[in-house]
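Trainee: Pasting in a structure now, in structure tokens, and then I'll have a few things to ask.
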Amino acid sequence: MAPSVSKMLSTPPYHAYYTWRRRLLPQETAASPNPSPASRRIAPPLRCCRCACSRSPARRFVPICASASDRAGATTAALVEAEEEAELDGPPMVQLSSDILRTELSLLKADAPPAGGDSSLGITALEDQDSEDGRHSGGRETAAYPAAMNGMQRSVVRGLPRWDSGNVTEQLWNFTWPAAIATLHPSLLPVAVLGFFSKLVVFAVGPLVGDLVSSLPRIPAYRSLTVIQTAAHLVSAAMVTYAFTVPRAPAASALLLRPWFATLVASTAVDRLSCVSLGVIAERDFVVQLAGEGRPIALARANAALSRVDLLCETAGASIFAVLLSRNHPLTCVRLSCAVSLCSLPLLFFLGGAMNRLADGILDRSASAGPAPLERPGRHGSAAVGKAWETIRHGWTEYLRQPVLPASLAYVLVCFNVALAPGALMTTFLIHLGVSASVLGAFGGSSAVVGILATFVTPYLVKELGILKAGAAGLVAQSALLGAAVVVFVTGPVSRRGALFAFLGFIVASRLGHMAYSVIGLQVVQTGNPMGKAKLIGATEIAVASLAELAMMAVAVVAGDAAHFGCLAALSAASVAAAACLFCAWLANPTDDLRRLFPC
12 MAPSVSKMLS
22 TPPYHAYYTW
32 RRRLLPQETA
42 ASPNPSPASR
52 RIAPPLRCCR
62 CACSRSPARR
72 FVPICASASD
82 RAGATTAALV
92 EAEEEAELDG
102 PPMVQLSSDI
112 LRTELSLLKA
122 DAPPAGGDSS
132 LGITALEDQD
142 SEDGRHSGGR
152 ETAAYPAAMN
162 GMQRSVVRGL
172 PRWDSGNVTE
182 QLWNFTWPAA
192 IATLHPSLLP
202 VAVLGFFSKL
212 VVFAVGPLVG
222 DLVSSLPRIP
232 AYRSLTVIQT
242 AAHLVSAAMV
252 TYAFTVPRAP
262 AASALLLRPW
272 FATLVASTAV
282 DRLSCVSLGV
292 IAERDFVVQL
302 AGEGRPIALA
312 RANAALSRVD
322 LLCETAGASI
332 FAVLLSRNHP
342 LTCVRLSCAV
352 SLCSLPLLFF
362 LGGAMNRLAD
372 GILDRSASAG
382 PAPLERPGRH
392 GSAAVGKAWE
402 TIRHGWTEYL
412 RQPVLPASLA
422 YVLVCFNVAL
432 APGALMTTFL
442 IHLGVSASVL
452 GAFGGSSAVV
462 GILATFVTPY
472 LVKELGILKA
482 GAAGLVAQSA
492 LLGAAVVVFV
502 TGPVSRRGAL
512 FAFLGFIVAS
522 RLGHMAYSVI
532 GLQVVQTGNP
542 MGKAKLIGAT
552 EIAVASLAEL
562 AMMAVAVVAG
572 DAAHFGCLAA
582 LSAASVAAAA
592 CLFCAWLANP
602 TDDLRRLFPC
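Under the working numbering, the first residue of the sequence shown is numbered 12, with each subsequent residue one higher.
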């Protein structure tokens, strides 16, 4: 009885634990010279972790919080051992752990990042912990920053220049400038030349821009590119307006030699390059960061939601274009587009900062990671050229080494389709056929509506077939519908109303498969590439896609006249069929990387 009473009156086990802890912690942490009433206790009430009770007399309570051992390392192991020895000598005591204890113990480690610092190690640890928490608590379906993700969707609606033109202003401009150029001269050549040089610049400089934006802070890079794009847009609009004030060129070749056209080519190329760069930042970085790593369902929902918003903006742009062009001169559309661009610029600055604040400042940092960054170009021109070439070569190397290369190449083959899709060549061709502005607007708007429908159908396809088979189904459907459109174009003159509507109807229906693969293929590439290389590989992929479009624009330049549009249509349909064959062959012969990334 006496020994039992002695044990009950002795110092409890946690007294030795806190005494040992005070010896390890710094003086200012262990005891404050002027403690406040809230801090007079040695430690605040601690939250209980899950504990596994054992009936063994040697170990009554075993903590199973794996994150404690991961964060505290050997120090936590020593704590557990000291607690077990104390428990053997005393009555059963439940030892509790807390995040506060793990944080304080992590301060004892020599390699711990400084508090409040902008250490990449700390950022990575936080992202890993977010991913781990998401996997264990069902967070795979919830974005890491839902408020910031909603803010990004609102910014897309109000004007965020995403990947190829994701807002009302961009869509209005994309419909307006081909109509204006087609009014100046009845030929495909001017529009084809503008598209050719735009794709050439993106192909040549795309990887370099991707590496540059990866080395810059995200928000300043986004704002700078927004200003550049707006300035290029205004210059292009000024050149188009000036072209209507000078005498018309007698031939298409003479129009290409005008100084205003050369300036228009340069400004259009800069506009396209900045738009591609903004697309890489938004699509390959912002969305993944806000959705959170290790959250595939949240990422899929974010991609689908943003694509849906993008297509809504496309519908609005096409509708506004149809109304304006049916009642006014093309220059009215050009002026309206400029006014909206200028008014939306301050709003874009504000929305970018608001989105970053909602994401706890995670977008303030640059996204460069992985191997050591390349040195900046030196003073000598030869060194600068050498470094630029090395960056471009590095981008191509990383692109070719990615484990999901066939999915990316299938997207590149789809980009060969520049004729059978709502775009500059199709708009110019329909204007040359004498199609009314209302039909043009209905064609663009219905294509966007079908794309929106695809964003709702795609999740069901993924659920029933799996992500890879759903992507293959989208490509096969698009290929079949475009083949039917080519058959209609070849068998009957599309100048007849019935044949024209059937031709356009098949193209509109094909947008269902196109958008389905766009959403699925995007997530496949996002999943297969690490965050540190996402923007470099994304910019290189867009450069390769621009090479495909460049080749088709070269064919359009050679063809020159709208009478040769059938050849462009046949080549476009054949490229989509090749993409479907490539993707299906990849699925039929899966690699180890494919099984590892997509085990289902």
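In this text, a Cβ means the ideal position worked out from N, Cα and C, and glycines have one as well.
Quantities reported herein were computed from a predicted structural model and do not represent experimental measurements.
Can the beta-carbon of Lys546 be found closer than 8 Å to that of Ile239?
Mentor: No, they are not a contact pair.
Trainee: Give the DSSP-derived three-state secondary structure of Pro610 in the structure shown.
Mentor: Pro610: coil per DSSP, three-state reduction.
Trainee: Is the beta carbon of Ser583 less than 8 Å from the beta carbon of Leu431?
Mentor: For Ser583 and Leu431, yes; Cβs fall inside 8 Å.
Trainee: Please classify Ser131: does DSSP put it in a helix, a strand, or coil?
Mentor: Residue placement at Ser131 cannot be trusted, given a pLDDT of 35 that sits under 50; what the coordinates show is reported in the next sentence. Three-state DSSP puts Ser131 in a helix.
Trainee: Under 7 Å: does the beta carbon of Gly485 sit that close to some heavy atom of the ligand MG?
Mentor: This structure lacks the ligand MG, and indeed carries no ligand of any kind.
Trainee: Check whether the Cβ atoms of Ser348 and Ala248 lie closer than 8 Å to each other.
Mentor: Going by C-beta atoms, Ser348 is nearer than 8 Å to Ala248.
Trainee: Would you kindly report the start and end of the unbroken alpha helix (DSSP H) that includes Lys544?
Mentor: Note, Lys544: premise wrong, no alpha helix (DSSP H); not H, not E.
Trainee: Return yes when the Cβ of Ala465 is within less than 8 Å of the Cβ of Ala527, no when it is not.
Mentor: Yes, the pair counts as a contact, with Cβ atoms nearer than the cut-off.
Trainee: Which residue from Gly397, Arg607, Lys480, Gln489 puts its Cα closest to that of Leu645?
Mentor: Past the edges of the chain, shown from 12 to 611, lies residue 645, and the structure says nothing about it.
Trainee: DSSP on Pro55, reduced to helix/strand/coil?
Mentor: Reliability fails at Pro55, whose pLDDT of 41 lies under 50, so the model's placement of it is uncertain and the value that follows must be treated cautiously. In this structure, Pro55 counts as coil in the three-state DSSP scheme.
Trainee: Put Pro197 into one of helix, strand or coil per three-state DSSP.
Mentor: Looking at Pro197 - three-state DSSP - the assignment turns out to be coil, as it is neither helix nor strand.
Trainee: Would you grab the beta carbon distance between Ile331 and Gln413 for me? Rounded to a whole angstrom, and I think it's under 8 Å.
Mentor: About 39 Å; that fails the 8 Å criterion.
Trainee: Ordered along the chain, which non-local residues of its own chain (more than five positions away) have a Cβ less than 7 Å from that of Asp604?
Mentor: Counting only Cβ-Cβ distances below 7 Å, and skipping sequence neighbours, we find Pro414.
Trainee: Answer with buried or exposed for Tyr422, where buried requires no fewer than 16 other C-beta atoms within 10 angstroms of its C-beta.
Mentor: So Tyr422 counts as buried.
Trainee: Mapping DSSP to helix, strand and coil, what is Pro231?
Mentor: Three-state DSSP puts Pro231 in a helix.
Trainee: Apply the 10 Å Cβ neighbour rule to Val505 and answer buried if 16 or more other Cβ atoms are within range, or exposed otherwise.
Mentor: Label assigned to Val505: buried.
Trainee: Mind checking Gly455: buried by the 16 CB within 10 Å criterion, or exposed?
Mentor: The residue in question, Gly455, is buried, as its Cβ has 16 or more Cβ neighbours within 10 Å.
Trainee: Can you list, in chain order, the residues of its chain whose CB lies under 7 Å from that of Leu451, leaving out five sequence neighbours each side?
Mentor: Cβ neighbours of Leu451 beyond the five flanking positions: Ala333, Thr438, Leu441.
Trainee: Which stretch, first to last residue, makes up the alpha helix (DSSP H) that contains Asn367?
Mentor: It spans 341 to 369 - the alpha helix (DSSP H) in which Asn367 sits, taken as one unbroken run.
Trainee: Taking C-beta to C-beta, are Val224 and Ala280 nearer than 8 Å?
Mentor: Not a contact, by the Cβ cut-off of 8 Å.
Trainee: From the DSSP output, in three-state form, read off Asp572 for me.
Mentor: Note: Asp572 maps to coil in three-state DSSP.
Trainee: Return the chain-ordered list of same chain residues with a C-beta closer than 8 Å to the C-beta of Val468, the five sequence neighbours on each side being excluded.
Mentor: Answer for Val468: Leu523, Ala527, listed in chain order.
Trainee: Alpha carbon to alpha carbon, what distance is there between Asn600 and Arg606?
Mentor: In a straight line, the C-alpha of Arg606 is about 10 Å away from that of Asn600.
Trainee: Would Phe207 pass as a contact of Ala565 if the rule is Cβ separation under 8 Å?
Mentor: Yes, the pair counts as a contact, with Cβ atoms nearer than the cut-off.
Trainee: When you compare only the Cα positions, how much space is there between Pro410 and Leu323?
Mentor: It is worth fixing the name first, because residue 410 is Tyr in this sequence and not Pro. So the two alpha carbons sit approximately 32 Å from each other.
Trainee: How about Phe594 and Ala418: do their beta carbons lie closer than 8 Å?
Mentor: Contact: yes.
Trainee: Could you confirm whether any beta carbon from chain D is found closer than 8 Å to the beta carbon of Thr274?
Mentor: The structure shown contains no chain D; it holds only a single protein chain.
Trainee: Roughly how many whole angstroms lie between the Cα atoms of Ala54 and Leu310?
Mentor: Note that Ala54 has pLDDT 40, beneath the 50 cutoff, so the model's placement of it is unreliable and the number below is only indicative. Computed Cα separation, rounded: 40 Å.
Trainee: In three-state terms, what does DSSP make of Val505?
Mentor: Val505: coil per DSSP, three-state reduction.
Trainee: Who are the Cβ neighbours of Leu533 in its own chain at under 8 Å, not counting the five residues just before and after it?
Mentor: Hits under 8 Å: Glu294, Asn314.
Trainee: Could you give the first and the last residue of the continuous alpha helix (DSSP H) run that contains Phe454?
Mentor: Residues 448 to 476.
Trainee: State the Cα-Cα distance for the pair Asp129 and Asn185, rounded to the nearest angstrom.
Mentor: Low per-residue confidence applies at Asp129: pLDDT is 39, beneath 50, and the placement is therefore not dependable, though the value from the model is reported in the following sentence. Looking at the two C-alpha atoms, the distance is approximately 41 Å.
Trainee: Express the C-alpha separation of Cys426 and Pro541 in angstroms, rounding to a whole number.
Mentor: Cα to Cα, Pro541 sits roughly 24 Å from Cys426.
Trainee: Using the Cα positions of Thr408 and Phe517, report the straight-line distance between them to the nearest angstrom.
Mentor: Taking the straight line joining both Cα atoms gives about 38 Å.
Trainee: Do you know whose CA, among Ser209, Cys344, Thr326, Gln537, lies nearest Ile463's CA?
Mentor: When only C-alpha atoms are compared, the closest one is Thr326.
Trainee: Does the distance from the CB of His340 to the CB of Leu266 come in under 8 Å?
Mentor: In this structure, Leu266 does not lie closer than 8 Å to His340 by Cβ.
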